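Report on the following structure.
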Amino acid sequence: MIRYKGIKKKDKVHFIIFINDKDNEVEIPLEDHIAERFSIYLDRIALPKAKLVERENDEPSE
182 MIRYKGIKKK DKVHFIIFIN DKDNEVEIPL EDHIAERFSI YLDRIALPKA KLVERENDEP
242 SE
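With this note's numbering applied, the sequence shown has no gaps in its numbers, which climb one by one up to 243 at the end.
Right, dumping it as structure tokens:
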């Protein structure tokens, strides 16, 4: 599985970072405006904003 790790800036170049199951990192260089868009989108879908809700009994109460 490949997971999004984040974006970092090195020598005025943004890199998007992915990590695999063996903890190997892949850095892909991006332009500034593209890096910002990727960061906003991937942060939104990669990290849940709220706790997951466990469903309880769906039977009607008496």
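From the three backbone atoms N, C-alpha and C, an ideal C-beta is built for every residue, glycine too. Quick caveat, the model's predicted, so the values are computed rather than measured.
Cβ-Cβ distance between residue i and residue j below 8 Å
{"i": "Glu206", "j": "Ile200", "result": "yes"}
{"i": "Met182", "j": "Asp202", "result": "yes"}
Exposed unless 16 or more other CB atoms sit within 10 angstroms - verdict on residue i
{"i": "His195", "result": "buried"}
Close Cβ partners of residue i (< 6 Å) along its chain, the five nearest in sequence each way excluded
{"i": "Leu211", "result": "His195, Ile197"}
{"i": "Val234", "result": "In this predicted model, Val234 has a pLDDT of only 49, less than 50, meaning its place in the structure is not dependable enough to derive any value."}
{"i": "Arg184", "result": "Ile200"}
Own chain partners of residue i with C-beta closer than 7 Å, once the 5 adjacent residues on each side are dropped
{"i": "Lys189", "result": "Phe196, Ile198"}
For residue i, the first and last residue of its enclosing beta strand (DSSP E)
{"i": "Ile188", "result": "184-191"}
{"i": "Glu212", "result": "Glu212 -> no beta strand (DSSP E), and no H or E assigned at all."}
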